[in-house]
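K.L.:
What follows is a single structure, and I will ask about it in a moment.
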Amino acid sequence: MPTIFVDDRAIEAKTGDNLLEVLLSNGIDVPYFCWHPAMGSVGACRQCAVVGYANPDDTRGRIIMSCMTPVTEGARFSVQSDNASSFRNSVVENLMLNHPHDCPVCEEGGECHLQDMTVMVGHSDRRYKGLKTTFRNQYLGPLIGHEMNRCITCYRCVRYYQDYAGGNDLAAFGSRDRVFFGRAEPGLLDNEFSGNLVEVCPTGVFTDKTLSKHYTRKWDLQSSPTVCQACSLGCNTYTSERYGEVRRVHNRYHNEVNGYFLCDRGRFGAQHVNSPRRIPRAGMRNADGLYEPVSIPDALDKVKALLNGKVIGIGSPRASLESNEALRQLVGPDQYCNGMTSTEREMHGVILEVLASNLNVPSMMEVETFDAILVVGEDVTNHAPRLALSIRQAVRNIGQQLAADTGISQWHDAAVRELEQDEKSPLVILSPMTDRLDDIASDTHRLAPNDIVSMVKQIIEAIDDNKPSHARDIASTLLAAKRPLIVSGTSLRSANILKASANLAAALASKNPGTGIFLCASEVNSIGVAMIDNTGNAEDLLGNKPETVIVLENDIDTRLGGSLLDEVQNLVVIDAMDNPTASRSSIVLPAASFAEAEGTFVNNEGRAQRSMATFAPAEHITPGYQLLSALGGDQLSASGWQQKLAAEHALLAGVATCAPDEQFRIEGSRIARMTHRASGRTAMLANVSVHEPQQPLDTESPLAFTMEGNQARAPASLRPYTWSPGWNSNQSIHKFQDEVGGPDKSGATGIRLFTGSTELTGFELSEFELSEEADADLIGQVHIFGSDELSNEAAELSTLIPQPYARMSSATAASLKVSHQDGLAFGDIIMTVLVDDEVAERCVVYPITPGTEALESARLSGLQKVAGYTAPADPLRPSLITTDRTS
Amino acid sequence: MTDKPLTKNIIGFDGHTDLARYESLGGYAAVRKTIGRTDPDAVLELLKDANLRGRGGAGFPTGMKWSFVPKKEGNGHRYLVANADEMEPGTFKDRLLMEKDPHQLIEGMILSAYTISADVGYIFIRGEYHVAIARLQEAINAATASGLLGEHILDSEFSFRLHVHVSAGRYICGEETALLNSLEGKRATPRAKPPFPQVSGLWGRPTIVNNVETLCNVTHIVANGADWFKSLGLGVDGGTKLFGASGRVARPGCWELPMGTPIREILEEHAGGMAEGYQLKGFLPGGASTDFLTPEHLDVPMEYETVMQAGSRMGTGTMIILDDRSCAVGMIANLEKFFARESCGFCTPCREGLPWVQEILDRIEAGNGEPDDMDVLERQSQFIGAIGNTHCAHAPGAMEPLASGLKYFRDEFITHIEGKACPYQREV
């Protein structure tokens, strides 16, 4: 820990940090643009200049860039000297030459890092008399807007997009003061993490179109800390609302989970809350089979009356622990199931066993420290997208090692990348077809799911057997690593794949305790509900001919196949959105979405995290657990259910304490969900009445709706947004970290529930289920856009869902007597044949998208060639409007 | 032994020297006596002893530069790059060497590569030098056929493959690290140093980038020794230098003269003095990115330290002359237009600052200047002008003619602004 002197103040610097990081970590404001805590330094913007002194006698010093300066014992610097501040002022003055004065109409306004830095350096006067450089904007797809004139050329976007996220269709073009950041031609940004551009850009070049279409000033948003609902990783998000609509989702920094970045499904998928398919009020089917709206009390009374009969409850891996437990208590433990299929329960049972074992299960951020990764049959980018971003950083460990050996600082980003070139730490992928991570993989094997399992078995055997083989090569790679990591998951719906992965991790761990295993679960709360009850089987419960079935937030009709519900007399559905199950219900009760209800969710690594309601639901809409409370049994608030969960399930003890309960206050105040800068509450409904309506009271959490309350010093798990004086953008996060990139100063968000002590004995693999025709498997391919029930309802993402295809190798196509772009039908589903020799032999891959569910139980013999079929241009790239202006 | 080693094969010979002529005049003797026979470290010591300084502009001691290359470990590539991207306005010395005597450069590169254990070399050459490109390629082919290049040179353990890479044409590619990025197929953006190319250069490997003239000198130092080389100079620095003059002089051209030749001698004897009817107002001693000097500096010897003391840099040693009938503001505006255009766009002071300077200068020259423009020019020249303020030396170099112009020709700026016009009659 070198001691440095900044304006004569002694500061303990963290070894390995650059000066800018040290200054920010110690609360000293220095403006910057191109440096990013996750992406290091390149020295482009020259904004973070300070004066560095050569020795104790040096009184003059010279201008240095703090982001490019390592700290050494006794070094002296000045942030405040006139030289330094005048230089920083000149940088902003020069950056502003071509920057439009469009703050009043700019979406970034009020949350703009450029505004903040301009105010920080004190630049206010314009002396440039020339014309400004202007650019033509591009259409970049339905998610990201482009306004190049605002660009200050910090290069963050291309560094993020190309270097960090592995994208190759956004680049810097041209030179001098006409550098253009965009695509070679207009079109959809081809990267699953493009939304982070909105947050990475320090000004308003890349904007969130889902916010743009119903834009609200950032300071007028009402926000809360939420947990992303789009997959099992549990990324932390801020969800923001105005006028009862979710306006946007931003990243909520968590040093162990998602760091600074989200995937596009998470960021844009939350727009499903605004779907026109939301269920607005309770309905009851009348004698003619039509729904009649009923009041909630009437509907509840009707359901209560049914409770005296034979009732079962089907829970849901996408509903909160609170709601699931409330259902379980209502119907009784023996009549409750968690709503997953048998395969899903088996798979998540394996994950639970691994979490409970002494195998090392790293957090997502920790994944970035592993130096050899084997991906076993998990389509990471499509199924647990944010993890792919972490794997992309992990393969750079060899580069970081090279840099350390060469004496290059880790933060010296361009130099490290220059040195490492194309060297990558090993990443081996076992998958049935091409994978989005292939570009960074050292070795890929295209294998049918059962062959993946066989390969893993061979790798385990090859650990102690030197006979040359692919398996031995992979085993050697893993054995040679300091920290090998096995990544797998549920995307191929194979428990054997998970079991084999766990067995391999255990075998490696016996040689190397640094071995890790990271298993991706299916849905936001799959692990949580499996912890409540993973034995109850929906099919068995339904087989007992219950009179009444209560389905909680689960499209069980699609999940299990509709015929199971055919004989149910009273189907009571509690859900937020219409779906095939809700459509056949006898009584439907409108539930709050995640944005309107508090809930606790357990992610794939067993971390219980609380998601807070962003806004009060509309009239008639109620959180699921409140509806269930009202039906009888325990009348509990959210925290009551959390305590109940802790009491009932030993492993869920942490649920009660993973965030403060509704009694929590800061100096007697609640925590306000809106910023103190909010301008418009009085005006919001002024067209209706100039009298400000009373704000709804939050009985469930210590947060207050709208403005009243304390903003400062909220614990991390309750902080509704990040803001700090002078730091209005997301860059303010460093004010809440104990050091740049470190944990939150005000406590952890969430609790890891497993201590991991039991010895894993090794899973018995079940016998391979051979398909009836031994010549091919039908494999469902998960798609980041298309395979998630809720985000499919987000307006923009719904345009990105692929059309049905059947992808297969030329040999498989020949055996099926079809060729490229033929049509292949299964019942109503018509797929376009795509011949692709990167698909494993004997496999036919179809997309898991709305409407293709029936294919899961299909057999190849059931597929029929469609006569006279005309294939769409590109089924993977759905028909997009190619410019914003054509419509 | 000649006192004009670099141009001995060029002076008085109309064509260009091919392999046969080159060898008949003693060419490749240094290679033959060195490769596989002399310890590379001994060559390095010789270079250090000779105190050869880089001829590309910065004047960094070549031997010291090479000594930073780490000891060879493993079989990874090590690179030698000749910077032949001669794009400095007013500079045309390397072109002469490459067009007229390409083997001289190749021999210097073989010796240099041997010294630093480089196995691959590139000549990164300006695209417009198509004659030099053709002749270099022809020379490389001939040398390779004769066993002087390629695998196991002269049956030794030493191999060196040499390629000509034609630049796509940006001035910034002459900056050695931007050159390396360009050679890798990336944007020609300079790299931050450290790490230096000696440690992490082309494709992350140890790399030396030297100017063409520097590499040509290596041949003669190896052939004739350090003492001979040092004796060639008139002052502190050894060797000869290609000096040039352009502008309104009687005989613009390029001449090999002893290091330390007084500026007056170059201008009056070799360039024949000013053209008829013109007086000397000032000059850029080392190319477009050096500070103006004025007639009072005519007796300054052209070597690194003395020119520095006079307030400028020797740069490439090719002078641009400003005469009394040409507008200083117009000349500076023209230079800044070039530098603004050639900014790579990476760092703020250069990317935004140079076009702003250009905008002001264009306005002043057009008669639309305002008094406060002078303050902005002063401030910008300081903001952009200091090494370290910017990512590389491009913008500080660009500010040298401006800052010195504001010092020596301030009255011309004021005349433009107050008279709302350029006082010089523009000649067509």
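Line by line, the protein sequences give chains P and U. The first sequence begins at 0 in numbering that gives the first Met the number 0 and counts up one residue at a time. The second sequence begins at 0 in numbering that gives the first Met the number 0 and counts up one residue at a time. Quick reminder that beta carbons are idealized off the backbone N, C-alpha and C, glycines included. Please read these numbers as outputs of a predicted model, since none were measured by experiment.
1. Taking the alpha-carbon positions, what's the P:Lys-13 to P:Pro-69 distance?
2. So, helix, strand or coil for P:Glu-321, using DSSP?
3. Buried or exposed, going by whether 16 or more other CB atoms sit within 10 Å of the CB of P:Thr-117?
4. State yes or no: is the beta carbon of P:Ala-43 nearer than 9 Å to at least one beta carbon in chain U?
5. By DSSP, does U:Ala-81 sit in helix, in strand, or in coil?
6. Hey, how far is the Cα of P:Thr-798 from the Cα of P:Gly-265?
7. Check the C-beta distance from P:Gln-890 over to P:Val-415 and give it rounded, since I have them as a contact under 8 Å.
8. Ordered along the chain, which non-local residues of its own chain (more than five positions away) have a Cβ less than 7 Å from that of U:His-151?
9. Which same chain residues end up closer than 8 Å to P:Gln-730 when comparing Cβ atoms and leaving out the 5 residues on each side of it in sequence?
10. For P:Ala-711, count the other beta carbons within 10 Å of its own beta carbon; 16 or more makes it buried, fewer makes it exposed. Which is it?
11. Can you tell me whether P:Leu-289 is buried or exposed, with buried defined as 16 or more other CB within 10 angstroms of its CB?
12. In chain P, what lies closer than 7 Å to U:Glu-72 by C-beta?
13. Any heavy atom of the ligand ATP within a distance shorter than 8 Å of the CB on P:Val-739?
14. Going along chain P, which residues have a C-beta under 7 Å from U:Ala-397?
15. When the Cα of U:Gly-203 is compared with those of P:Lys-544, P:Gly-233, P:Asp-556, P:Glu-422, which residue comes out closest?
16. P:Val-427 and P:Ala-440: beta carbons closer than 9 Å?
17. List, in order along the chain, the chain P residues whose C-beta lies closer than 8 Å to that of U:Cys-346?
18. May I ask you to list the residues that DSSP assigns as paired with P:Ala-805?
19. At a Cβ threshold of 9 Å, is P:Phe-86 touching chain U?
20. Taking 9 Å as the CB-CB limit, is P:Leu-19 close to chain U?
21. Between P:Thr-848 and chain U, is any beta-carbon pair separated by less than 9 Å?
22. To the nearest angstrom, how far is the alpha carbon of P:Gly-338 from that of P:Ala-715?
23. Out of U:His-296, U:Ser-288, U:Asn-367, U:Asp-372, point me to the one whose CA is closest to U:Lys-336's CA.
24. Can you pull the DSSP bridge partners for P:Lys-864?
25. In whole angstroms, what is the alpha-carbon distance linking U:Val-375 and P:Arg-126?
26. Since U:Asn-388 meets chain B, which of its residues come closer than 8 Å, beta carbon to beta carbon?
27. Hey, which unbroken runs of the alpha helix (DSSP H) at 4 residues or more fall wholly within the region 430-505 of chain P?
28. Spatial neighbours of P:Leu-769 within its chain, please: C-beta separation below 7 Å, excluding the five flanking residues on both sides.
29. Smallest Cα separation from U:Ile-262: which of U:Thr-293, U:Gly-276, U:Gly-238, U:Glu-275?
30. State yes or no: is the beta carbon of U:Gly-107 nearer than 9 Å to at least one beta carbon in chain P?
31. Does P:Trp-722 come out as helix, strand or coil in the three-state DSSP assignment?
32. In chain order, what residues of the same chain have a beta carbon less than 6 Å from the beta carbon of P:Leu-540, not counting five sequence neighbours either side?
33. Return the residue from the list P:Arg-718, P:Thr-380, P:Thr-547, P:Ala-575 that minimises the CA-CA distance to P:Ser-786.
34. Name the chain U residues whose beta carbon is nearer than 7 Å to that of P:Ala-171?
35. Output yes if chain U places a C-beta closer than 9 Å to the C-beta of P:Gln-890; else output no.
36. Are the region 350-358 of chain P and the region 753-766 of chain P touching by the rule of at least three beta carbon pairs closer than 8 Å?
P.N.:
Reading it off the structure:
1. Start at 1 with the first residue of the first sequence, and residue 13 of chain P comes out as number 14. Start at 1 with the first residue of the first sequence, and residue 69 of chain P comes out as number 70. Rounded to the nearest whole angstrom, the CA to CA distance from P:Lys-13 to P:Pro-69 is 10 Å.
2. Here residue 321 of chain P refers to the residue found at position 322 of the first sequence. It is helical.
3. Stepping through the first sequence from its first residue, residue 117 of chain P is reached at position 118. That one is buried.
4. Taking the first residue of the first sequence as position 1, residue 43 of chain P is located at position 44. Judged by the 9 Å Cβ criterion, P:Ala-43 is in contact with chain U.
5. As a working mapping, residue 81 of chain U is identified with position 82 in the second sequence. Look at U:Ala-81 here: in three-state DSSP terms it is strand.
6. Working through the first sequence from its first residue, we reach residue 798 of chain P at position 799. Working through the first sequence from its first residue, we reach residue 265 of chain P at position 266. Going from the Cα of P:Thr-798 to the Cα of P:Gly-265 covers about 16 Å.
7. Summary: the structure shown does not reach residue 890 of chain P, with chain P confined to residues 0 through 886, and so no result is reported for it.
8. Position 152 of the second sequence, counted from the first residue, corresponds to residue 151 of chain U. Hits under 7 Å: Ser-158.
9. For the purposes of this step, residue 730 of chain P is taken as the residue at position 731 of the first sequence. The answer, listed in chain order, is His-112, Asp-115, Pro-201.
10. Residue mapping note: residue 711 of chain P aligns to position 712 of the first sequence, counting from 1. Exposed, since its Cβ has fewer than 16 Cβ neighbours within 10 Å.
11. Here residue 289 of chain P corresponds to residue number 290 of the first sequence, with the count starting at 1. P:Leu-289 counts as exposed, since fewer than 16 other C-beta atoms from the protein chains shown sit within 10 angstroms of its C-beta.
12. In the second sequence, residue 72 of chain U corresponds to position 73, counting from 1. Here the premise fails: no neighbours, minimum Cβ distance about 11 Å.
13. The ligand ATP is not among the ligands present in this structure, which contains no ligands whatsoever.
14. The sequence position of residue 397 of chain U within the second sequence is 398, counting from 1. Going along chain P, no residue has its Cβ under 7 Å from U:Ala-397, so there is no contact; the nearest lies around 12 Å.
15. Within the second sequence, residue 203 of chain U is the residue found at index 204, counting from 1. The shortest C-alpha separation from U:Gly-203 is found at P:Glu-422.
16. Counted from its first residue, the first sequence places residue 427 of chain P at position 428. Counted from its first residue, the first sequence places residue 440 of chain P at position 441. Yes, these two residues count as a Cβ contact at 9 Å.
17. Taking the second sequence and counting its residues from 1, one reaches residue 346 of chain U at position 347. Under the 8 Å cutoff, chain P gives Gly-42, Ala-43, Cys-44, Arg-45.
18. On the first sequence, position 806 is the one that residue 805 of chain P refers to. P:Ala-805 pairs with P:Val-832.
19. As a first step, residue 86 of chain P is located in the first sequence; it is residue number 87 there, counting from the start. Interface residue, yes.
20. What you label residue 19 of chain P is simply residue 20 of the first sequence in a count that begins at 1. No, P:Leu-19 lies away from the interface with chain U (no Cβ there is under 9 Å from its Cβ).
21. The residue you call residue 848 of chain P lines up with position 849 of the first sequence. It does not; no Cβ of chain U falls within 9 Å.
22. To locate residue 338 of chain P, count along the first sequence from 1; it is residue 339. To locate residue 715 of chain P, count along the first sequence from 1; it is residue 716. Approximately 32 Å between the Cα atoms of the pair.
23. As a position in the second sequence, residue 336 of chain U is number 337, starting the count at 1. It is U:Ser-288 whose Cα lies nearest to the Cα of U:Lys-336.
24. Residue numbering aside, residue 864 of chain P sits at position 865 when the first sequence is read from its first letter. Beta bridge pairing from DSSP links P:Lys-864 with P:Leu-823.
25. For this step, residue 375 of chain U is matched to residue 376 along the second sequence. For this step, residue 126 of chain P is matched to residue 127 along the first sequence. Their backbone Cα atoms lie some 8 Å apart in a straight line.
26. Judged by its chain identifiers, the structure shown contains no chain B, and its protein chains are P and U.
27. Whole alpha helix (DSSP H) segments, 4+ residues: 448-461, 469-479.
28. Against the first sequence, residue 769 of chain P aligns to sequence position 770. Per-residue confidence for P:Leu-769 stands at a pLDDT of 49, beneath the threshold of 50, marking its modelled position as unreliable; no derived number is given.
29. Along the second sequence, read from residue 1 onward, the residue named residue 262 of chain U stands at position 263. When each option's Cα is compared against that of U:Ile-262, the closest is U:Thr-293.
30. For the purposes of this step, residue 107 of chain U is taken as residue 108 along the second sequence, with counting starting at 1. Judged by the 9 Å Cβ criterion, U:Gly-107 is not in contact with chain P.
31. Here the question's residue 722 of chain P lines up with position 723 in the first sequence. The answer is coil: DSSP assigns P:Trp-722 none of H, G, I, E or B.
32. Mapped onto the first sequence, residue 540 of chain P falls at position 541. The beta carbon of P:Leu-540 is closer than 6 Å to those of Ile-311, Cys-336 in its chain, skipping five residues each way along the sequence.
33. Indexing the first sequence from 1 puts residue 786 of chain P at position 787. Comparing Cα-Cα distances from P:Ser-786 to each of P:Arg-718, P:Thr-380, P:Thr-547, P:Ala-575, the minimum goes to P:Thr-380.
34. Counted from its first residue, the first sequence places residue 171 of chain P at position 172. By Cβ distance, chain U contributes Arg-186.
35. This structure does not reach residue 890 of chain P, given that chain P is present from 0 up to 886, and the question cannot be answered.
36. Two segments are said to touch when three or more pairs of C-beta atoms, one from each, lie closer than 8 Å; by this definition the region 350-358 of chain P touches the region 753-766 of chain P.
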